[in-house]
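Add 7 to a position in the sequence shown, counting from 1, and you land on the number used in the numbering used here.
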Amino acid sequence: FFLHPITHVAVSWIALVGAVIMLLATDRHELEAPLEHVEWTTLLFFAGLFVLVHALGYMGVIKFIGDYVTKAIAMFGSADGDGVTIRLAAAVLIILWVSAIASAFIDNIPYTATMIPVILQIAYELNIDLGPLIWALAFGACLGGNGTLIGASANVVTAGMAEEAGYPISFNEFFKAGFPIMILTTAIVSLYMVLVYVVGANGGATVWKLVCIGVTMFGIIWQVSRGRSKGKSFAESLVDDDIEAFTEMAESAVDLIKSATTSEE
8 FFLHPITHVA VSWIALVGAV IMLLATDRHE LEAPLEHVEW TTLLFFAGLF VLVHALGYMG
68 VIKFIGDYVT KAIAMFGSAD GDGVTIRLAA AVLIILWVSA IASAFIDNIP YTATMIPVIL
128 QIAYELNIDL GPLIWALAFG ACLGGNGTLI GASANVVTAG MAEEAGYPIS FNEFFKAGFP
188 IMILTTAIVS LYMVLVYVVG ANGGATVWKL VCIGVTMFGI IWQVSRGRSK GKSFAESLVD
248 DDIEAFTEMA ESAVDLIKSA TTSEE
């Protein structure tokens, strides 16, 4: 696999050759023991999943998503002036969130492979820098796989191993734990992408404003997550024992915003 950029041999052939070599190295009289450890259920699931995803691609479902993403981005900003920044921000956020939601229910590998030509088309037709769009697709497809049990191959493999060990993980159980985390991490990446590729390109004190707002948002998220882990409601989480520390952090953020605004003026 590491030599793929040099040899340009399809990864499927590399995997097949590796499997053949392992079979040749195995004693033919002792095949039953290795076969007992093969995750047959997981392999059959992946076979069916890839057929389903290919069928969706053949029917044009993923391309349909890409076309609507292009139309949605074109509604924001313009191709010149300040409209370029607005359109870039809209493109990054739309691609990031659409990819995250889609990858939670469609395996992220075929989704990413199908969306790459769409991203290239968006960058060319709407005159948007390609780099941020690629990163938005990569982040969204990666983080979206954490949302559901079928979102990523590693999830399915882990669930199969856990079931064999006597700890079955249902789709609903994984969804309840994974989807909120996916939303939280995608929100954090959204802030990061806007700071780096939209605000960072313009510079100025606006960066400090958004950084301070981001710190405050992180404090709120941390406070709520901490309270929810104790079984408290959303309101009870905000009014916790550490509310004074949280208030001090928020006040510090406000002071930084004021100082940044003053320096800008």
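Glycine residues also receive a C-beta, built at the ideal position from the N, C-alpha and C atoms. All values reported here derive from a predicted model rather than from experimental measurement.
By the beta-carbon neighbour count (other beta carbons within 10 angstroms, threshold 16), residue 155 is buried. For the pair residue 96 and residue 180, the Cα-to-Cα distance works out to about 34 Å. DSSP places residue 74 in the helix class (H, G or I) of the three-state scheme.
Secondary structure at residue 187: helix, using DSSP grouped into helix, strand and coil. Of the candidates 120, 175, 157 and 119, 157 places its Cα closest to the Cα of residue 185. Annotation for residue 125: the continuous alpha helix (DSSP H) segment containing it runs 115–132. Nearest C-alpha to residue 147 among 131, 191, 52 and 169: 191. Membership of residue 168 in the alpha helix (DSSP H) is indicated by the continuous run 160–171.
Within its own chain, no residue has a Cβ closer than 7 Å to the Cβ of residue 32 once the five positions on either side in sequence are excluded.
The closest CA to that of residue 61, considering only 200, 48 and 121, is found on 121. Under the DSSP assignment, residue 49 falls in the alpha helix (DSSP H) whose first and last residues are 47–66. DSSP places residue 106 inside the alpha helix (DSSP H), whose first and last residues are 90–112. Between residue 152 and residue 109, the beta carbon gap of about 11 Å keeps them out of contact (Cβ cut-off 8 Å). Selection 64, 167, 46 and 105 evaluated against residue 145 yields 105 as nearest (Cα-Cα). Going by beta carbons, residue 129 and residue 77 fall inside the 7 Å limit.
Residue 83 places its beta carbon 7 Å or farther from that of residue 69. In the three-state reduction of the DSSP assignment, residue 192 falls in the helix class. Residue 146: member of the alpha helix (DSSP H) spanning 137–151, first to last residue.
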